[in-house]
Amino acid sequence: MASDPKFELARILTEGVARIAPNVPGISVQLEKPRKPEHGDYACTVALQLSSKLGRSPRVIAEELRQATAQALASTAMWQPLELAGPGFLNARLVTAEKQSIVRRVLEQGASFGRTAASKPEKIQVEFVSANPTGPLHVGHGRQAALGDALAALLESQGHQVTREFYYNDAGAQIQNLALSVQARATGIEPGGAGWPADGYAGDYIREIAEDFKTQKGDLNDLEAVRKFAVAFLRKEQDIDLQKFGVTFDVYTLESSMYSDGKVEAAVQGLIASGKTYEKDGALWLRTTDYGDDKDRVVRKSDGSYTYFVPDVAYHVAKWQRGFAKVIDVQGTDHHSAVTRVRAGLQALGIGIPQGYPDYVLHSLVKVMRGGAEVRISKRAGSYVTVRDLIEWVGRDAVRFFLVSRKADTEFVFDVDLALAKSEQNPVYYVQYAHARVCSMLAQWGGDPGSLAAADLGSLKSGKELQLAQRLSEFPEMLSAAAEELAPHAVAFYLRALAGEFHSYYNAERILVEDEALRVARLALCAAVRQTLANGLALLGVSAPEKM
RNA sequence: GCGCCCGUAGCUCAGCGGAUCAGAGUAUUGGCCUCCGAAGCCAAGGGUCGUGGGUUCGAAUCCCGCCGGGCGCGCCA
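Quick note on the working numbering: the first sequence kicks off at 7 and runs consecutively.
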């Protein structure tokens with residue numbers, strides 16, 4: 007495979023800088039994509055950075071750099087001579103043949119276009135959703151599912167070995183409340199009525215579980231049996247939702263297993279052995295303030311049981327011991343206080359876990375509007391919008407694309423009425439439509455799509471065609487940046503832009519023209535667009551239909 | 001009160017230090033189907049990037065204050 011033009015350009019410029027300005031520290035060649043096409047394909051601002059360090063005009067430095075790199079650049083046969091512009095920018099422009107060649111590269115690589123060829127040894131775990139089995143999945147879980155799954159796919163595309171994991175909190179007081187709620191409901195107590203548990207779950211699903219339990223002739227006095235039944239019931243429900251959402255997990259871990267496997271006890275012993283704990287008010291405390299926490303945390307309560315953060319630490323120790331060099335936890339921002347605490351616990355153990363372990367992607371909760379009023383999201387309210395609702399209303403593709411289209415830490419409003427009324431105008435259809443359009447053209451053409459990889463691309467010369475080719479060439483670097491920054495929303499924005507440029511091109515030029523060479527070249531370009539759209543959509547878990 | 005996150009066009013959101021950074025979608029208005037899919041395209045109007053300072057050659061972007069919003073601040077999970 008030919009070397010990457012951008013990489014070559016950066017290498018040559020870096021060498022050039024070393025020649026005209028040796029021994030200047032803190033200077034790195036950055037290539038950026040100009041907004042306006044007349045400024046070339048890439049712009050370099052290193053002359054502006056050098057100006058203050060060298061005490062000379064940036065334009066003069068830029069000109070020196072231009073001359074110093076001219077020969078090396080010409081020998082690559084990839085780049086036109088650099089252009090000096092503005093206060094000292096160097097604008098680089100690819101030769102036309104190089105731009106055209108991306109089309110062939112996309113078609114040759116097919117589904118693997120954008121993916122890193124080499125696999126990386128580093129094992130990564132993405133833990134997401136991790137909903138308590140106390141109720142149906144809500145919109146926030148949907149956002150986690152969309153983000154986490156796309157993130158995992160992104161990391162896989164960059165050669166990492168990724169495990170998708172779901173952690174069930176099946177050991178706490180909330181589960182006890184669930185069991186009590188089902189028990190109460192089954193004995194005919196309504197939410198809020200006499201004998202209703204203090205923190206009971208009022209949702210209708212509790213009634214369903216209670217009825218099911220009675221149908222199966224379970225013993226209502228056996229609270230443990232009720233608990234097991236309810237948890238199994240809700241886990242099954244959640245699995246159905248996740249399946250409908252197109253998300254699957256490799257590993258499910260139960261919080262209770264941290265206790266039964268002795269991992270919690272081991273973690274406590276490790277913390278005590280570290281000397282970072284102390285007894286106060288009959289409880290055992292950890293000096294998390296030594297690691298940036300704003301107050302110390304209780305490890306073992308005065309009643310002898312552990313706070314939830316202990317199994318959490320034990321779980322992350324297990325992750326480390328399972329060989330995950332990198333762990334990414336996708337959670338709501340309401341869990342942000344856990345970040346410092348868990349990391350503090352891992353550091354206190356002093357077993358060689360890196361300081362920033364694990365990584366977190368925290369997302370703001372989704373605010374759901376309906377009928378002009380906010381629908382409150384609360385696990386206890388029972389009247390929240392579920393993932394299942396959303397999928398039924400606007401379809402899986404739209405929900406996934408929409409939820410992943412926002413930067414994780416921005417809050418956003420999911421207007422149910424709008425999603426219902428405008429479902430046909432959801433951005434996902436715009437991208438899918440571009441894909442279907444190409445498929446339709448290829449079908450009408452009737453030739454062998456496989457032959458397009460060998461097409462003569464020499465007639466692709468118009469501004470829109472070269473711009474489209476340029477956009478395609480950015481796909482791999484966009485993916486690696488998105489993976490690096492744990493920002494799957496970048497994929498959605500890229501697909502939006504690519505589809506937009508395609509639609510614009512489609513309306514400006516006729517593809518199936520009389521001229522054989524031109525027709526084939528244009529079809530090859532369109533096929534490359536289709537392939538790239540399909541590859542991107544696949545990462546987001548969104549289908550790429552041939553017809554709509 | 002303390003900590004973290006967020007204030008960009010009517011609305012939903014990108015951009016997060018390089019002048020080539022005021023952007024997209026949507027909504028509104030006006031055009032484009034005898035012709036490859038109009039779920040599309042073209043065009044117009046619309047913003048002191050919350051606010052006041054600071055750093056810099058340069059700030060939507062970095063730092064500090066203030067205002068506004070979200071989340072967290074339990075021997076709950």
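We put the CB at the ideal spot given by N, CA and C, even for glycine. Model, not experiment: these values are computed from the prediction.
- In this structure the region 198-212 does not lie against the region 246-254, because fewer than three pairs of beta carbons, one per stretch, are closer than 8 Å.
- Contact annotation: residue 415 and residue 368 have beta-carbon atoms nearer than 8 Å.
- Per DSSP, reduced to three states, the secondary structure at residue 51 is coil, with no helix or strand assignment.
- With distances taken between CA atoms, residue 134 lies nearest to 155 out of 155, 222, 199 and 292.
- When the beta-carbon positions are compared, residue 523 and residue 465 come within less than 8 Å of each other.
- Here residue 338 is bridged, per DSSP, to 369.
- Around the CB of residue 342, fewer than 16 other CB atoms lie within 10 Å, so the residue is classed as exposed.
- The beta-carbon separation of residue 352 and residue 323, rounded to 7 Å, stays under the 8 Å limit for a contact.
- Below 8 Å, too few C-beta pairs join the region 432-439 and the region 169-178 to call them touching: fewer than three.
- Put simply, the region 443-455 does not touch the region 123-134. Fewer than three CB pairs are less than 8 Å apart.
- Residue pairing by DSSP puts residue 167 in a beta bridge opposite 129.
- A direct Cα-Cα distance of roughly 8 Å separates residue 315 from residue 344.
- Here the alpha carbons of residue 192 and residue 546 stand approximately 42 Å from one another.
- For residue 284, the three-state secondary structure derived from DSSP is strand.
- Each residue's CA atom was taken as its position, placing residue 509 and residue 74 some 41 Å apart.
- Of all alpha-carbon atoms in 438, 202, 55 and 444, the one lying nearest the alpha-carbon of residue 516 is that of 444.
- Taken in chain order, the whole beta strand (DSSP E) runs of length 3 or more contained in the region 254-315 are 257-260, 283-286, 289-292 and 303-306.
- Taking 8 Å as the cut-off, the beta carbon of residue 543 is found no closer than this to the beta carbon of residue 478.
- Each residue's CA atom was taken as its position, placing residue 273 and residue 362 some 19 Å apart.
- Its chain contains 550 as the residues whose beta carbon lies nearer than 6 Å to that of residue 540, once the 5 sequence neighbours on both sides are disregarded; these appear in chain order.
- With respect to residue 37, residue 56 sits apart: the two C-beta atoms are not nearer than 8 Å.
- Rounded to the nearest angstrom, the Cβ distance from residue 321 to residue 221 is 36 Å, too far for a contact under 8 Å.
- DSSP places residue 183 in the uninterrupted alpha helix (DSSP H) bounded by 179-192.
- Taken through DSSP and simplified to helix, strand or coil, residue 421 comes out as strand.
- When the Cα atoms are used, residue 305 and residue 263 turn out to be separated by approximately 18 Å.
- Bounds of the beta strand (DSSP E) holding residue 89 are 89-91.
- Using a Cβ-Cβ distance cut-off of 8 Å, the region 176-188 and the region 397-409 are not in contact, since fewer than three pairs of beta carbons, one from each stretch, lie closer than that value.
- Sorting 96, 65, 149 and 108 by C-alpha distance to the C-alpha of residue 84 places 108 at the top.
- Residue environment: residue 286 is assigned as exposed (fewer than 16 neighbouring CB atoms within 10 Å of its CB, all protein chains considered).
- Counting along the chain, the unbroken beta strand (DSSP E) around residue 97 starts and ends at 95-98.
- Assignment of residue 37 by DSSP, reduced to helix, strand and coil, places it in the strand class.
- Residue 207 carries a coil assignment under DSSP once its states are collapsed to helix, strand and coil.
- Residue 372 and residue 189 have their C-alpha atoms some 32 Å from each other.
- In the structure shown, residue 202 falls within a coil segment according to DSSP collapsed to helix, strand and coil.
- Here residue 147 really is in contact with residue 393; their C-beta atoms are around 6 Å apart, less than 8 Å.
- As the crow flies, the alpha-carbon of residue 340 is around 14 Å from that of residue 145.
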